[in-house]
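All the letters of the sequence shown, read from the start, carry residue numbers -8 to 730 under the numbering used here. Ideal Cβ placement from N, Cα and C applies to all residues, glycine included. Model, not experiment: these values are computed from the prediction. Structure, as structure tokens:
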Amino acid sequence: MFFMFKFRKLVIPLAFVFLAQTIVPTAVLGAEATKAKITAPAKTEISLEQAINLVKQNFEVPKEFSQFTSGFNSYNSRQSWSLNWSNPDRNGGSFSAQVDVNSGEIMNMNQWKNTPETESEFNLPQVSYAEAKEIAQQLVNKMLPDRLGELEFVQEDSRVISLNNRGMITYAFQWKRVVNGIQFPGNSVDVQVNGRDGRIMSYNLNWSKDSFPEAQGIISGDKARQSFEKYKMLELQYFTPPQMRPLTATPKAQARLIYQLTNSSSNGAIDAFTGEPVKLENGHWLAQDSLANAGAYNKAGRGEVQQPVLSPEEQKEIEQNEKIITQEQAVEAVKKWINVPDSLILRTANLGMNGYYSRNRVWSLNWSSDQKNQGDVQNIYAQVDAVNGELLAFTFSISSQPNPKTEDQTPMDRAASQQFAEDFLKKIQPERFQKVKLIENPNEYSIKMGARGDLQEFNYQRLEKGVLFPNNGMSVRVDAVSKAIIGYNLNWGELDFPNPTEAMAQGSAETSFLEARPLELKYIQMYDANGLSEIRLVYQPSLKNVLARSNMMDAKTKQFLNWQGEALENLEHPYYFKDIAGNFAEKEISLLGQAGIFGENQDEFKPNENLTMASMLRAMIIAKNGVWQSTNLSDQEVLQKAKALGWLREDVSPADNVNREQMAKLLVRFLNLEKVAHLQNLFQSPYEDVSIDNSAVGYASLVKGLGLMKIEGANFEPERMMTRAEGAYALVKTLKVDF
């Protein structure tokens, strides 16, 4: 992908673009009773009034949303009414829905309104996960009674809820479509439920009307795996996380060896009839499964990195004290390779840090013109290495209309444009060009600007020791009519590259990858630039394992990585424990699992095992600070943090079991009530085995009075060990305390 440096590239779903172009706004109405009059561009089976009634029959529109507008949308062969209610006062809020004008089907609904934060430190849901799921299921049953047989519930296993007071808790539920007994993850029903009051916050139906191929005459799963291996759909590559910070200690960063699904493999899809990899043509794209994680980040370029800009005073100081080229020399370095028309004026020249793979400073230069002649260059942006004067990047902004002065308007074809681009690269980067490989990515659209359609782009990825390094490379943009290079970008860091022999063998990598993500039969949907779709039957690596939901795997450890190079197994996710049904603390354990707490044994909670000090303190820290700040703490770090917070005053080991007296002290300190607990004269012992002169009487009395621990009978039994279920119960009860 080519980066424009000064402007970030926005990716907007085509469906949204087309919808936005066809919305017909109405006047803002004081009340919904005053219906807007819209002239629809086609005859509709469902009138605007009927659409409004359908929405209000199935959803509750808050009364305060009295301001109403509507629109008419058209995309491909589907047309819909767009209905919008909003709150006219400053508190805000809105409710919107889309209704199919032919079938009356409600395609989606979304609502939001400001929810005032409570004074309580913690934000526990009033509606449990199980209760919210039932609310969502009832809605799906009502909305889609004839389609229930084609829906399969999918557990949300990637998003945790936060128990501290930092936002509204929303449960998300999804049902995937199944056709002919085969998954079609491109279609789904999604529902979100408010954890405070059980309101439906959103409903979205994505349902294709296209035909599905029958699963007859297809290859077996074993044959699909043979194809996966034969075509080497998993490729050894080098990787470094994007947006690396400037190095501070060592001159070179270390690249990492990974195995990754190739760009051309359509996420590992194999045609179920031919056994061939699914190849996308230019201008086509694949509808992604919503579970898919962008595990790898292959965009080579520095345009995504914000460059620190130095003030004129700082620039002057650096120029006087360091060996860097002057602004004038940087300008000459640009003009050595490209023609800067006299009509352009140098508007800005900033000296800043590279900030990606090296600590080099760069000059960023920007020329623009006050004239707007057709076909003329309007703007040039360039970057120059401020130490060695190397041209790092440039891009031209040209009028979108053809230049009438150009005699030959016949554009070069793709092959001729490629040769033109490579001739340029051989001149500007003769040595580095020997270490790159042209990458054709059919998932990216052919470039068309205005009515010209004559721009060609070529992306080359770096090769080191015979292994691709997609994060590095060079790209060129060619104006095929004027036969000019109008864009160039070099991204080439100084890094150390491990020997490829350090990676596991290709066969071992494929085995590990497919063990975690076995090939499964599914339908996928492909679109072309006109929005027309085709449904294909393929074998594709599964996305059911949350710890392997990535296309990228460490070539040494076998860990699946996200786009930042972090192991997925170390990242936060909710837990759905399969061994807590019928337990007295089932509701509390389930809530903590939703918050990413007590996941030491993944989907097993082990409620009757003794509770360890490290496990309980980690749960308390996550509840207070959120899972994102606490997941990767070591056991020793957990104990240190608990002491710093004042929860732990005794010397204990992480593996020590927690008894009742220790638990009472932890809970009281968590609530900042220890000073009260020390006022022993205030308390009468609530338990027969805790005398009033016992130092623990205050703690025992407080947990009893606040109902924090499940203790039956007349005795406190301070030395009795807590079970994990009792610990989960006590923590949730403590979080609910509101003074």
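Residue burial is scored here from C-beta neighbours: Asp684 has fewer than 16 other C-beta atoms within 10 angstroms and is therefore classed as exposed.
Cβ-Cβ distances below 8 Å link Asn155 to Glu112, Phe113, Asn114, Ala614, Lys615, Asn616 and Gly617 in the same chain, with the five nearest sequence neighbours on each side left out; the list follows chain order. Along the length of the segment 497 to 570, whole beta strand (DSSP E) runs at least 3 residues long occupy 510 to 518, 524 to 532 and 543 to 545, reported in chain order. Remark: fewer than three beta-carbon pairs, one from each stretch, lie closer than 8 Å, so the segment 491 to 509 and the segment 405 to 415 are not flagged as touching. The C-beta of Leu523 has fewer than 16 other C-beta atoms within 10 Å across all chains shown, which makes the residue exposed. DSSP, read as helix, strand or coil, puts Phe50 in coil.
Scanning the segment 161 to 197 for uninterrupted alpha helix (DSSP H) segments of 4 residues or longer gives nothing; none is fully contained.
DSSP lists Trp72 and Ile97 as the bridge partner or partners of Val90. Taking a cut-off of 8 Å on C-beta distances, the segment 161 to 179 does not touch the segment 537 to 555, as fewer than three cross pairs fall below it. Note on Ser499: under 16 other CB atoms within 10 angstroms of its CB, so exposed under the neighbour-count rule. Taking Asn82 as the centre and dropping the five residues before and after it, the same chain places the C-beta of Asn105 closer than 6 Å to its C-beta, in chain order. The DSSP-derived three-state label of Glu595 is coil. Going by beta carbons, Ala494 and Ala539 fall outside the 8 Å limit. The count of Cβ pairs closer than 8 Å, one atom from the segment 678 to 697 and one from the segment 650 to 668, reaches three, so the stretches are in contact. Between Ser57 and Asn75, the gap from beta carbon to beta carbon reaches 8 Å or more.
Secondary structure of Glu455 (DSSP, three-state): strand. In the displayed model, Leu639 falls within coil according to three-state DSSP, outside both helix and strand. CA-CA distance, Val169 to Ser193, rounds to 22 Å. Assigned with DSSP and collapsed to three states, Asp414 falls in helix.
Counting only residues of its own chain and dropping the five nearest sequence neighbours on each side, Phe50 has a CB closer than 6 Å to the CB of Met100. Between the segment 220 to 234 and the segment 249 to 266, the count of Cβ pairs shorter than 8 Å is three or higher; the stretches touch.
Spatial neighbours of Arg338 in its own chain (CB-CB distance under 8 Å, excluding positions within 5 residues in sequence) are listed in chain order as Asn357, Trp358 and Ser359. Counting only runs that start and end inside the segment 605 to 669, the alpha helix (DSSP H) elements of at least 4 residues fall at 626 to 635, 651 to 661 and 665 to 668.
For Ser388, the closest of Leu335, Leu636, Leu658 and Glu125 by C-alpha to C-alpha distance is Leu335. Taking the Cα positions, Asn463 is about 20 Å away from Val378. In the DSSP secondary-structure assignment, Pro268 is bridged to Ile261.
No Cβ-Cβ contact shorter than 8 Å links Asn599 with Leu252.
Take Met544, set aside five residues on each side of it, and the residues of its chain with a beta-carbon closer than 6 Å to its own are Tyr250, Phe504 and Phe551, in chain order. Only exposed fits Gln245, as fewer than 16 other CB atoms lie within 10 angstroms of its CB.
Only residues of its own chain outside the window of five on either side were considered, and among them Ala340 have a CB closer than 6 Å to the CB of Gln318, listed in chain order.
In the DSSP annotation of this structure, the continuous segment of the beta strand (DSSP E) that includes Tyr479 starts and ends at Ala475 to Asn482.
Membership of Tyr120 in the alpha helix (DSSP H) is indicated by the continuous run Tyr120 to Met134. In this structure Ala668 does not touch Pro677 by the C-beta definition: roughly 13 Å separates them, more than the 8 Å allowed. The segment 204 to 217 makes no contact with the segment 116 to 125, as fewer than three CB pairs between them are under 8 Å. Distance from the CA of Ser255 to the CA of Val269, rounded to the nearest whole angstrom, comes to 8 Å. Here Glu557 is actually not in contact with Tyr229; their C-beta atoms are around 17 Å apart, not less than 8 Å.
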